[in-house]
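In the working numbering, the protein residues as written are 445 to 814.
One structure is given here, and the rest of the page talks about it.
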C-alpha cells in the first residue's frame with residue numbers, strides 16, 4: 445500500500461494525543477490508527493489483574509463486544525499473560541505470539557480461520573498491568589509488510605506516551621470520582637469558591653441546599669449569595685479572611701456564622717476555611733442545616749448495643765428531654781426510667797446525664813440517609 449505522507453502522520457499524532465487527554469476521544473484515536481494502516485479494525489487495550497486494568501478502546505466500538513469480554517475475562521487474562529513476555533516496543537504478528545491455541549476471546553477478535561493479518565505492539569507496563577495496540581486487516585486485503593512494521597515502530601514513542609497518559613489520567617479520574625462519591629455521602633454541603641464567590645465545586649448536599657427556594661443561600665449572577673445583605677457582607681468578609689490567612693501558618697483558619705432562610709426556617713451553619721493548598725486562591729465552606737434530624741436511636745443501638753427501649757430513652761435525652769419527660773413519653777414510671785438510664789450508663793461507660801448527651805450527639809456521623 446502507499447505510505448502516508450508526513451502531514452497525515454502528524455495529523456494522526458495530534459489525534460492520538462487528544463485521545464490520551466480525553467477518554468471519550470480514545471475510540472477516535474484507534475480509528476485514526478486504523479485509517480493510517482488501512483486496517484479493518486484497530487484497538488488500544490490494557491490487561492491486568494484488577495478489573496479497572498482491563499480496558500479496551502476499539503475503533504468503531506461494538507456495544508455487543510463488552511458483554512463478550514466480561515464473560516471471557518479469565519481467558520483475556522490468560523491471553524495477557526501470553527503477551528506479557530514480549531518486550532515493550534517490539535512489533536509482532538499477533539498469531540505468531542498467541543499461536544493456534546488462542547483463547548476464545550482472541551478468536552472473537554481475530555476470527556480465524558478468516559485469517560486476518562494482525563500487527564501489534566506492547567506499549568507500556570506498570571506492575572502487573574500493561575497496554576498494547578493492535579491493528580488488523582481482513583482477508584482480501586494486502587498483508588502487512590516490513591514498511592508497515594517500520595511505521596508502527598516509529599510511532600511507538602507516541603503510542604507509549606498515549607498509554608502512559610491514559611493510565612495516569614484514568615487513575616486520577618477514579619480517585620476523583622471516589623472522593624466525590626464520598627463527599628456526596630455526607631449530610632453536609634461542601635462548596636469550594638474562588639475569590640469572586642464563583643463555585644468551583646459543590647457536592648450533592650450543597651446542590652440540595654442551594655436549590656431550596658426559601659433557603660439561606662443561593663446563586664446570584666453565578667455567585668454564591670446569602671439571602672440578607674448583612675449576612676452577605678459577613679459571608680464575604682469570612683471568605684476574604686480565609687483567602688488572606690491561607691498562606692499564614694499562624695493565622696486562625698476557620699470562621700463560622702449562621703445564615704437564615706426567608707421563612708425563618710432552612711437555617712444553616714456555615715464554616716469557612718481555606719481550601720486545600722493545591723486549590724490556590726479558593727476557599728471551602730461546609731454547610732449544615734440546623735434542623736437536620738439525626739437518627740440517634742439507631743446510632744445508639746448500633747454503637748452501644750442498646751435495646752430498642754434504651755435507645756428511645758437515650759434519643760429523648762440527647763434531644764433535650766428530661767428523664768421525667770422521657771418516662772412520660774414512653775409511658776413508664778420514673779423508677780423504670782431510672783433503671784433504663786442505669787443500663788444506658790453501663791453500656792456507654794458514662795456516669796452523668798450530661799456526659800451521656802454529649803457522647804450521643806458527637807457519636808452520630810453526618811451521613812446522608814440512602
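Note that beta-carbon positions come from the ideal geometry of N, C-alpha and C, so glycine has one too.
Between the CA atoms of residue j and residue i - distance to the nearest angstrom
| i | j | result |
| --- | --- | --- |
| residue 760 | residue 770 | 6 Å |
| residue 479 | residue 503 | 10 Å |
| residue 805 | residue 608 | 48 Å |
| residue 555 | residue 528 | With a pLDDT of only 48 at residue 555, under the threshold of 50, the placement of this residue in the model should not be trusted, and no figure is reported. |
| residue 724 | residue 779 | 60 Å |
| residue 605 | residue 485 | 22 Å |
| residue 647 | residue 638 | 16 Å |
| residue 553 | residue 452 | Because residue 553 sits at a pLDDT of 49, beneath the cut-off of 50, its placement in the model cannot be relied upon, and the following sentence gives the value as read from the coordinates. Between residue 553 and residue 452, the C-alpha separation is close to 27 Å. |
| residue 462 | residue 730 | 37 Å |
| residue 762 | residue 797 | 9 Å |
| residue 815 | residue 600 | Here the chain has residues from 445 to 814 only, and residue 815 is not among them. |
| residue 628 | residue 619 | 14 Å |
| residue 557 | residue 603 | For residue 557, the predicted model reports a pLDDT of 42, less than 50, meaning its position is unreliable; a value from the coordinates is still stated below. Spanning the two alpha carbons is a distance of roughly 29 Å. |
| residue 728 | residue 614 | 26 Å |
| residue 791 | residue 750 | 7 Å |
| residue 711 | residue 680 | 18 Å |
| residue 734 | residue 569 | 51 Å |
| residue 621 | residue 468 | 16 Å |
| residue 674 | residue 786 | 48 Å |
| residue 458 | residue 481 | 16 Å |
| residue 559 | residue 591 | Reliability of the predicted coordinates at residue 559 is poor, the pLDDT of 43 falling under 50, and the value obtained from them is presented with this limitation in mind. Taking the straight line from one Cα to the other gives about 20 Å. |
| residue 746 | residue 793 | 15 Å |
| residue 582 | residue 496 | 31 Å |
| residue 807 | residue 767 | 21 Å |
| residue 616 | residue 772 | 56 Å |
Anticipated Cβ contact below 8 Å, residue i with residue j, distance rounded
| i | j | result |
| --- | --- | --- |
| residue 530 | residue 593 | About 14 Å; that fails the 8 Å criterion. |
| residue 671 | residue 706 | 6 Å |
| residue 682 | residue 699 | 5 Å |
Proximity of residue i and residue j at Cβ, strictly below 8 Å
| i | j | result |
| --- | --- | --- |
| residue 532 | residue 566 | yes |
| residue 744 | residue 758 | yes |
| residue 580 | residue 483 | yes |
| residue 784 | residue 754 | yes |
| residue 703 | residue 661 | yes |
| residue 719 | residue 636 | yes |
| residue 726 | residue 644 | yes |
| residue 641 | residue 667 | yes |
| residue 677 | residue 470 | no |
| residue 649 | residue 663 | no |
Per DSSP, cross-strand counterpart(s) of residue i
| i | result |
| --- | --- |
| residue 686 | Per DSSP, none; premise fails for residue 686. |
| residue 576 | 489, 566 |
Inset, instruction - Determine, using beta-carbon pairs with one atom in the region 480 to 493 and one in the region 562 to 576, whether at least three such pairs fall under 8 Å. - result: yes
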